[in-house]
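I have placed the structure first, in the form of structure tokens, so that the comments after it can refer back to it.
Protein chains in written order, with my numbering: chain S, 1436 to 1993; chain H, 115 to 465.
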């Protein structure tokens, strides 16, 4: 039936000349970058050793309890602030609403560890707040109660302040997407404004809210910088201690595998919720949403409810960092600091370029060779983002060290040359870890961009006498420009902020802004860490502003 | 005889699934053809083969007497000089209307390109929108721009893939007539693919009814309606019922509604049982008639009523009556047949 000659290829599906190595290349990339994940997962089944037994007897319970308390606390906090603010800014009218709608995202620019240093600097015993309190009251040490920032409660507060935007973002989008009809129907059926919120809007938005919540909790579990600074015993700090304190890679990896189990649970919840969120979309008719005009004290309460998270999550800590930076930049900003900054930028930029190139390779590959195996490969790559940096680092170093040792022993046997640690302590290892963690973001971004270029546009251009190469140049490139740039930016910023993987995998004497800020803060030089911290926050603001611009304009159906 | 498009015994499909089976048709210059069929019948595949997006498994396609597709050969789409209008219009979102229209004119010098763009925008009635972006246009406007873009390079053949299916129902026929007049004005040869018979009637000179990858019948809308060659075509085009009849002689059959005499020879022996197609406009409401039936259901259509009637034998027919004949459900009304084209099918096995 179908003995066609080879030169007749289906023109539409194969935009680019069919490269023999493309499809195997996709599998190779997928296997390579999921290797660390599989390494860690394999330790779940690894037989226990003495140190593991010791951990089990002593600290594992504490890790579990603390992580659970942290997750519950942050969950409640982000839920209340995120959903509340989302409801107010999407369906109510009050002074400042327009500003709050995007400004409430700004705390996202703060990595957890930086807001933790800032608040510690402000509120600990020697900090300006307590000093002022003592001066005004004449109290001395231990004369009064003041909440301790470096505590579980403090950590919950800090995480809540910087992570609520995840819930806010998705909840707001869900509220805005709800069709007017559904809300109006509930009003005609006798629901008041508030009961239509509880009985209709909130249940409809629930999948989106759960998705946002899972993202916030993933970040909470992934954090190392804040919990180690606060001296909390949770999984990430435990992995560090087991590895560097007890020197046991296997036990550390086993801890990491348990952490991974929790993270995967969240990933599954998140994906499932997002899927459900689509089904909850019942009507396609949109018009201007009904807006409840708040007056009098209600308007001011709404104003305050939106102002407080913004103030404590961004304005106050950013202001404090700025003050410190102004005080200390004279002795902090020197040649070595500039070198450090340049180092960070180069590292982040090369990681971002690599991530975008790989993402283009994968996404175009998927478009060309649709198939379950290709799709599955890309999905595997895309789970990396959920995995804590600490876990990724452990997962990268174990296979690389194995490889190094093999090469070393082979070289010594055959050529009597020791190659030592070829890859483990190198920039290669670091870059590899960044790809494992951040490739997902660039793939997602590029895929969404490519998804907007429908097949019919390729066909249209070919019917207008354009060759595939010309189509790439004239149609795809201009349309992809924005998404590729976004992918680059987001990976760039994430690498700038990344702490635990960099801390573990960086070559000897290689520093980044994030590591520097962490080290200075660890030495209690909080004010001195502010220049590095402020730069990280400033860079982190870029994607937040991009996001807020799209949030200000996007509204389904309009 | 020269033809602009000649499709000969075309087989094609996707992966291992054969979709088209021996499809053949031909269009003269300036003729508008239509491939009409239910969704999934393979009509879009024919279009994609003509465009060169899909290869032919067997058979040949000639455009302007030059072979472009065969089992061994497929000329790339960009070398076929075809224009295509897509279901989703596929306008380039990053380009203004004028640049979309001028996209296929890259070989022309700037000034000529500009004048052709202006000319095309004038033809589709949108000269004021040259600077707009596609997302600022309504669906109907986007479609006109898609048409202008496809016609601008003066293609040998224009292909339209369900071009109206994203439009409001009320707009479809009007747009179809508009597009037809534009095509006729430029004397374009075109192939339209649709599942909507009204679009096909409004636009096409020649209609091919396709089902399951094969062309069942080819002809004008009038022929297909009045002389369907199969039960599928009879059912797919227009409304109607099939009632039992007995052959009396070479031109006459007897039905419950009386004798019907056609103008062609019946291919069945006298006395044999056959089925006859009765269209709603074949059944005339006439109170003076001897035959009568009971109103089972009725649908108000503005200018007329469509009555669903049950005769005494239980056989149901439809009747199109002027709208001032308003009868109640269960009322008995007189009817008679007024039928010029006798359409007879062999009795279906299942009865």
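Here a beta-carbon is modelled for each residue, glycine too, at the ideal position from N, C-alpha and C.
Helix, strand or coil, according to DSSP, for residue i in the structure here?
i              : result
residue 1456/S : coil
residue 1449/S : Per-residue confidence for residue 1449/S stands at a pLDDT of 45, beneath the threshold of 50, marking its modelled position as unreliable; the derived number appears in the next sentence. Note: residue 1449/S maps to coil in three-state DSSP.
residue 358/H  : strand
residue 260/H  : helix
residue 429/H  : coil
residue 1669/S : coil
residue 173/H  : strand
residue 244/H  : coil
residue 181/H  : strand
residue 1720/S : Below a pLDDT of 50, predicted positions are generally treated as unreliable, and residue 1720/S, at 45, falls in that range; the measurement from the model is reported next regardless. Coil.
residue 372/H  : strand
residue 1854/S : coil
residue 125/H  : strand
residue 417/H  : coil
residue 448/H  : strand
residue 201/H  : coil
residue 1979/S : helix
residue 407/H  : strand
residue 196/H  : strand
residue 98/H   : Outside the modelled stretch of chain H, which goes from 115 to 465, sits residue 98/H, for which no answer is possible.
residue 1971/S : helix
residue 422/H  : strand
residue 238/H  : coil
Among the residues of its own chain, which have a CB less than 7 Å from the CB of residue i, if the five just before and after it don't count?
i              : result
residue 249/H  : 207
residue 368/H  : 359, 360 and 362
residue 1970/S : 1776 and 1948
residue 293/H  : 261 and 317
residue 1860/S : 1942 and 1943
I'd like the span of the alpha helix (DSSP H) that includes residue i, first residue to last.
i              : result
residue 1583/S : Run containing residue 1583/S: none; DSSP gives neither H nor E here.
residue 1957/S : 1948-1957
residue 1647/S : 1637-1657
residue 1921/S : 1912-1932
residue 335/H  : 335-340
residue 398/H  : Note, residue 398/H: premise wrong, no alpha helix (DSSP H); beta strand (DSSP E) at 397-399.
Could you tell me if residue i is buried or exposed, where buried requires 16 or more neighbouring beta carbons within 10 angstroms of its beta carbon?
i              : result
residue 1901/S : buried
residue 1752/S : buried
residue 67/H   : Limits of chain H in this structure are 115 at one end and 465 at the other, which puts residue 67/H out of reach.
residue 2004/S : Outside the shown range of chain S, which is 1436 to 1993, sits residue 2004/S, and nothing can be said about it.
residue 282/H  : exposed
residue 1510/S : buried
residue 1845/S : exposed
residue 289/H  : buried
residue 107/H  : Since the first and last residues shown for chain H are 115 and 465, residue 107/H lies out of range.
The beta strand (DSSP E) spanning residue i covers which residue range?
i             : result
residue 389/H : 387-392
residue 460/H : 458-460
residue 165/H : Unbroken run through residue 165/H is the alpha helix (DSSP H), 157-165; no beta strand (DSSP E).
residue 147/H : 146-150
residue 383/H : Looking at the DSSP string, residue 383/H is not in any beta strand (DSSP E), and its letter there is neither H nor E.
residue 304/H : 303-308
residue 325/H : 320-325
residue 139/H : 131-141
Enumerate in chain order the residues of its own chain whose CB-to-CB distance from residue i is below 8 Å, with the five nearest sequence positions on each side excluded.
i              : result
residue 1975/S : 1543, 1544, 1545, 1546, 1928, 1931 and 1932
residue 1498/S : 1668, 1669, 1670, 1673 and 1690
residue 1677/S : 1486, 1490, 1683, 1686, 1687 and 1690
residue 1441/S : Per-residue confidence for residue 1441/S stands at a pLDDT of 37, beneath the threshold of 50, marking its modelled position as unreliable; the derived number appears in the next sentence. None.
residue 213/H  : 206
Which same chain residues end up closer than 6 Å to residue i when comparing Cβ atoms and leaving out the 5 residues on each side of it in sequence?
i              : result
residue 410/H  : 422 and 424
residue 127/H  : 133
residue 1719/S : Here the model assigns residue 1719/S a pLDDT of 45, short of 50, so the residue's position is not dependable, and the following value carries that caveat. Here the set comprises nothing.
residue 1821/S : 1653, 1698 and 1702
residue 398/H  : 450 and 452
residue 240/H  : 258
Quick one: which unbroken alpha helix (DSSP H) runs of 4-plus residues sit fully inside the segment 1463-1519 of chain S? Chain order, please. DSSP runs (the alpha helix (DSSP H)) wholly in the segment 1463-1519 of chain S: 1485-1493.
Those runs of the beta strand (DSSP E) which lie wholly inside the segment 1815-1840 of chain S and span at least 3 residues: none
Can you list the alpha helix (DSSP H) stretches of 4 or more residues lying completely in the segment 1710-1780 of chain S, in chain order? 1731-1745 and 1751-1767
Fully enclosed by the segment 1524-1609 of chain S, which alpha helix (DSSP H) runs are 4 residues long or longer? 1532-1538, 1547-1558 and 1563-1572
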